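Residues are numbered in my numbering as their position in the sequence shown, beginning at 1, plus a constant of 112. Each remark here refers to the structure printed beneath this line.
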Amino acid sequence: MADTETASAESYKVNVPAPSRPFFLKGSDNLDWGMKNRLSNIFRPDSGRTVMLAFDHGYFLGPTTGLERVDLDIVPLTPFADTLMLTRGILRSCIPPTYTRGIVLRASGGPSILKELSDEQIAISIDEAVRLNAAALAVQVFIGGERETQSVHNMTRLVDMGNRHGIPTLGVTAVGTDMVRDARYMRLATRICAELGASYVKTYYVEDGFDTVTASCPVPIVIAGGKKLPEADALRLAHSAIQEGAAGVDMGRNIFQAESPLAMIQAIRKVVHEDFKPHEAHQYYQTLKREQPESPARPPV
Ligand code: 5RP
């Protein structure tokens, strides 16, 4: 018998049952430990929500407005994000490896803005995702698009690859410019992603019936910000989405194209994690903008 073994029954607390806690994310209770641990590095366990900072746009758009210098303009925002959504190229070239929150890697790509966008393929191997310590893999799904089946197949293959290694898959519903962005479409697209294995789904907020989109999707939904809006409107959009059941935002342009990106990401945090009302968040934004008028890494003009 090992000399450190305790003889007293009291130390084993035999009458105290081991706790059994449900996992904090919708539809995720039956996932394995690694998967849950990675999701906990994307969503905050205390609020159950996330502020994902999305700046993967260059994978088909090139150096779009606000992303010309990721090293100078985006890196200072990263401490305020719960997770980053980006390509492996930008991760390796611009993001300090001391960043310890979740990395959501863009895992599909191919066509540029000049071509048929739904013609994507898987753009990363699972070995590379493991090597980069990815918390999740993001894949575009074009429901109703020209290459709908191909994009769904990209997602299901990534789900299989990710599940083998405990890496969640984020299904990103990509809506063609000619398609109607209503709750009916969003219900269809998000539900297909979830049914076919996505751990969580990104979609767009719609004014009418967004709560039916979140209710009918069995896994968490995060919303993209979409085109740049006035800051007050973007905060209102985030607030409505959260109040109608979204588990967070995966926001890009409405943060990095804001007049003060640093103030904007902090205001968005208040909406997502502290249920700030839109006018409170906007006031907070304006105060921070006055106090922190420029991103600290921007060279003075
Ligand atoms: C690109 C993406 C973007 O990450 C997504 O659209 C979020 O960015 P934004 O808030 O600017 O819409 O998935 O396809």
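By construction, the Cβ of each residue, glycine as well, lies at the ideal position given by its N, Cα and C atoms. None of these values were measured; they are calculated from a predicted model.
Please determine whether the Cβ atom of residue i lies at a distance below 7 Å from any heavy atom of the ligand 5RP.
| i | result |
| --- | --- |
| Q252 | yes |
| A219 | no |
| V284 | yes |
| R365 | yes |
| H169 | yes |
| A336 | yes |
| M197 | yes |
| D158 | no |
| A301 | no |
| D362 | yes |
| A346 | no |
| A166 | yes |
Put residue i into one of helix, strand or coil per three-state DSSP.
| i | result |
| --- | --- |
| V126 | coil |
| Q355 | helix |
| A86 | Since the first residue shown for the chain is 113 and the last is 413, residue 86 is missing from the structure and cannot be characterised. |
| G288 | coil |
| A121 | helix |
| S328 | helix |
| S152 | helix |
| S205 | helix |
| Q395 | helix |
| Q233 | strand |
| V413 | In this prediction, V413 scores a pLDDT of 29, lower than 50, which makes its location untrustworthy; no coordinate-derived value is stated. |
| R381 | helix |
| G283 | strand |
| G221 | strand |
| G146 | helix |
| P390 | helix |
| K227 | coil |
| D141 | coil |
| I133 | The amino acid occupying residue 133 in the given sequence is Arg; Ile does not appear at that position. If DSSP states are grouped into helix, strand and coil, R133 belongs with coil. |
| I255 | coil |
| T176 | coil |
| E319 | coil |
| D158 | coil |
Quick one, which of the options has its alpha-carbon nearest residue i's?
| i | options | result |
| --- | --- | --- |
| G364 | W145, H277, T116, T177 | T177 |
| N366 | P188, A358, I377 | I377 |
| Q252 | T210, T315, K340 | T315 |
| A346 | L282, H391, F322, T302 | H391 |
| R243 | K227, E258, R204 | R204 |
| I354 | L184, Y396, E386 | E386 |
| D362 | K125, K389, I333 | I333 |
| G170 | N142, G201, G288 | G201 |
| V187 | N275, P208, A301 | P208 |
| V287 | F135, G222, Y297, A344 | Y297 |
| S328 | A301, E232, L374 | A301 |
| L226 | A393, P129, F172, N275 | F172 |
Output the boundary residues of the beta strand (DSSP E) element that contains residue i.
| i | result |
| --- | --- |
| L198 | 195-198 |
| Y316 | 312-316 |
| A336 | 333-336 |
| D362 | 360-363 |
| I304 | Run containing I304: none in the beta strand (DSSP E); it sits in the alpha helix (DSSP H), 295-307. |
| R218 | 214-218 |
Going by the CB atoms, is the gap between residue j and residue i shorter than 8 Å?
| i | j | result |
| --- | --- | --- |
| A193 | V216 | no |
| I234 | R269 | yes |
| G139 | P330 | yes |
| A295 | T326 | no |
| I304 | I255 | yes |
| G257 | D144 | no |
| F167 | F322 | no |
| L282 | S311 | yes |
| L400 | A379 | yes |
| R218 | A250 | yes |
| E343 | Y396 | no |
Span of the alpha helix (DSSP H) holding residue i?
| i | result |
| --- | --- |
| T162 | T162 -> not in any alpha helix (DSSP H); beta strand (DSSP E) instead, spanning 162-166. |
| G170 | 170-173 |
| R276 | 260-277 |
| A241 | 238-243 |
Cβ of residue i less than 8 Å from any chain D Cβ?
| i | result |
| --- | --- |
| R259 | Here there is only one protein chain, and chain D is not present. |
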